[in-house]
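Peer 1: The structure under discussion is supplied below as structure tokens; questions concerning it will follow.
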Amino acid sequence: MIVAPSVLSLDFTDTRTQIEELNASDAAWMHFDVMDGHFVPNLSFGPDILKAFCKISPLFKDVHLMVSDPLTYSTIFLEAGADLVTVHYEAMEEDQIRPFAQRIHSLGKKAGLSIKPKTPVEVLKPYLADFDLFLIMSVEPGFGGQKFHAEAVGRIRTLRKWIDEAGVAALIEVDGGINEETGAMCRMAGCDVLVAGSYVFKNDIKKAVQSLE
Ligand code: DX5
Ligand code: ZN
321 MIVAPSVLSL
331 DFTDTRTQIE
341 ELNASDAAWM
351 HFDVMDGHFV
361 PNLSFGPDIL
371 KAFCKISPLF
381 KDVHLMVSDP
391 LTYSTIFLEA
401 GADLVTVHYE
411 AMEEDQIRPF
421 AQRIHSLGKK
431 AGLSIKPKTP
441 VEVLKPYLAD
451 FDLFLIMSVE
461 PGFGGQKFHA
471 EAVGRIRTLR
481 KWIDEAGVAA
491 LIEVDGGINE
501 ETGAMCRMAG
511 CDVLVAGSYV
521 FKNDIKKAVQ
531 SLE
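The sequence shown begins at 321 in my numbering and counts up one residue at a time.
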């Protein structure tokens, strides 16, 4: 299991120490939530913060773009150091989706496609071979610390089946309300990457990451 702690929930009065603790944990990825106050009713980080985190952390930078203009911001965050950029299906025109993945790949980076809880998982099916990762939101995007929507488990199971049947290597990631218990449910359903914000940063970072592995 890949664990991707969401730095949205870190204690910003103690940023460097917390990032160092994260670096020393078993987490392989850092999940970086970008919010524009338009696609979601909250604002988070700009590219300079990602650049700063890249300087002090070697973890793989998993950038989740919760923005209305993902095409512009994907470029900006790739330049700032993203290894993978995930965009929302709901923010894209259908005919932009495949060219987006192709453009990211031509830059040597990884591309992800995400759906909100109310978007049918079927919308992902045409793109199984095009993306490196599919992100199933298990809360309405916008805020950390929300309760896990259990419907995500069935959505992960369905997607796992399609990915295996298609014989492609895409990863399934889940984001929102993940703790030891909900993480175990997602693992059993076939998830590959667990994003966890409040559970990791409001507990002992190393132990919380270990409990999700
Ligand atoms: C929510 C974000 C999440 C968030 C998860 O919009 O995409 O990554 O930080 O936080 P928790 O784990 O606290 O639900
Ligand atoms: Zn996220």
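Here a beta-carbon is modelled for each residue, glycine too, at the ideal position from N, C-alpha and C.
Report whether the distance from the Cβ of residue 356 to the nearest heavy atom of ligand 2 is below 7 Å.
Peer 2: Working through the sequence shown from its first residue, we reach residue 356 at position 36. Checking the Cβ of residue 356 against ligand 2 gives no.
Peer 1: Tell me the rounded alpha-carbon separation between residue 329 and residue 518.
Peer 2: The residue given as residue 329 occupies position 9 in the sequence shown. The residue given as residue 518 occupies position 198 in the sequence shown. Answer to the nearest angstrom: the Cα atoms are 5 Å apart.
Peer 1: Mind pulling the alpha helix (DSSP H) runs of 4 or more residues that sit fully within the region 458 to 525?
Peer 2: Runs found: 471 to 486, 500 to 509, 518 to 521.
Peer 1: I believe residue 452 touches residue 491 by the beta-carbon criterion, under 8 Å. Please report the beta-carbon distance rounded to the nearest angstrom.
Peer 2: Locating residue 452 in the sequence shown gives position 132, where the first residue counts as 1. Locating residue 491 in the sequence shown gives position 171, where the first residue counts as 1. About 7 Å; that satisfies the 8 Å criterion.
Peer 1: Looking at the structure shown, is residue 325 part of a helix, part of a strand, or coil, going by DSSP?
Peer 2: Along the sequence shown, one-based indexing puts residue 325 at 5. In this structure, residue 325 counts as strand in the three-state DSSP scheme.
Peer 1: The alpha helix (DSSP H) that contains residue 426, what's its start and end?
Peer 2: Taking the first residue of the sequence shown as position 1, residue 426 is located at position 106. Where residue 426 is concerned, the enclosing alpha helix (DSSP H) stretches over 414 to 426.
Peer 1: Buried or exposed: where does residue 337 fall if 16 or more other Cβ atoms within 10 Å of its Cβ makes it buried?
Peer 2: As a working mapping, residue 337 is identified with position 17 in the sequence shown. Exposed, since its Cβ has fewer than 16 Cβ neighbours within 10 Å.
Peer 1: Does DSSP classify residue 433 as helix, strand or coil?
Peer 2: Start at 1 with the first residue of the sequence shown, and residue 433 comes out as number 113. Of the three classes helix, strand and coil, the one that applies to residue 433 here is strand, per DSSP.
Peer 1: Is residue 353 close to ligand 2? I mean its beta-carbon at under 7 Å from any heavy atom of the ligand.
Peer 2: As a first step, residue 353 must be located in the sequence shown, where it is residue number 33. Yes, Cβ of residue 353 sits closer than 7 Å to a heavy atom of ligand 2.
Peer 1: Hey, could you find the ends of the beta strand (DSSP E) residue 406 is sitting in?
Peer 2: For the purposes of this step, residue 406 is taken as the residue at position 86 of the sequence shown. Run containing residue 406: 404 to 408, per the beta strand (DSSP E) assignment.
Peer 1: For residue 579, count neighbouring C-beta atoms within 10 Å of its own C-beta (all shown protein chains included) and say buried if the count is 16 or more, exposed if not.
Peer 2: A query on residue 579 cannot be resolved here, the shown segment of the chain reaching from 321 to 533 and no further.
Peer 1: Looking at residue 347: is its Cβ nearer than 8 Å to the Cβ of residue 513?
Peer 2: By one-based count along the sequence shown, residue 347 stands at place 27. By one-based count along the sequence shown, residue 513 stands at place 193. Not a contact, by the Cβ cut-off of 8 Å.
Peer 1: Looking at residue 483: is its Cβ nearer than 8 Å to the Cβ of residue 506?
Peer 2: On the sequence shown, residue 483 is found 163 positions in, with the first residue counted as 1. On the sequence shown, residue 506 is found 186 positions in, with the first residue counted as 1. Not in contact: residue 483 and residue 506 (Cβ atoms no closer than 8 Å).
Peer 1: Identify which residue in 411, 405, 434 has its Cα closest to the Cα of residue 423.
Peer 2: Counting from one through the sequence shown, the residue named residue 423 turns up at place 103. Residue 405 is the option with its Cα nearest to residue 423.
Peer 1: Going by the DSSP bridge assignment, what does residue 383 pair with across the sheet?
Peer 2: Counted from its first residue, the sequence shown places residue 383 at position 63. In the DSSP output, where bridge partners are listed per residue, residue 383 has 352, 405.
Peer 1: Less than 8 Å between the CB atoms is what I'm expecting for residue 433 and residue 407, so what's the real figure, rounded?
Peer 2: As a working mapping, residue 433 is identified with position 113 in the sequence shown. As a working mapping, residue 407 is identified with position 87 in the sequence shown. 6 Å between Cβ atoms; contact.
Peer 1: Could you tell me the distance, in whole angstroms, from the CA atom of residue 351 to the CA atom of residue 413?
Peer 2: If you number the sequence shown from 1, residue 351 lands on position 31. If you number the sequence shown from 1, residue 413 lands on position 93. One C-alpha to the other measures close to 25 Å.
Peer 1: Alpha carbon to alpha carbon, how far is residue 447 from residue 400? Give it in angstroms, no decimals.
Peer 2: Here the question's residue 400 lines up with position 80 in the sequence shown. Here the question's residue 447 lines up with position 127 in the sequence shown. Using only the alpha carbons, I get a separation of about 26 Å.
Peer 1: Determine the contact status of residue 455 and residue 384, defining contact as a CB-CB distance below 8 Å.
Peer 2: For the purposes of this step, residue 455 is identified with residue 135 of the sequence shown, where counting begins at 1. For the purposes of this step, residue 384 is identified with residue 64 of the sequence shown, where counting begins at 1. Yes, they are a contact pair.
Peer 1: So residue 403 packs on residue 380, CB below 8 Å; how close in whole Å?
Peer 2: For the purposes of this step, residue 403 is taken as residue 83 along the sequence shown, with counting starting at 1. For the purposes of this step, residue 380 is taken as residue 60 along the sequence shown, with counting starting at 1. Yes, they are in contact, since the Cβ atoms of residue 403 and residue 380 sit about 5 Å apart, within 8 Å.
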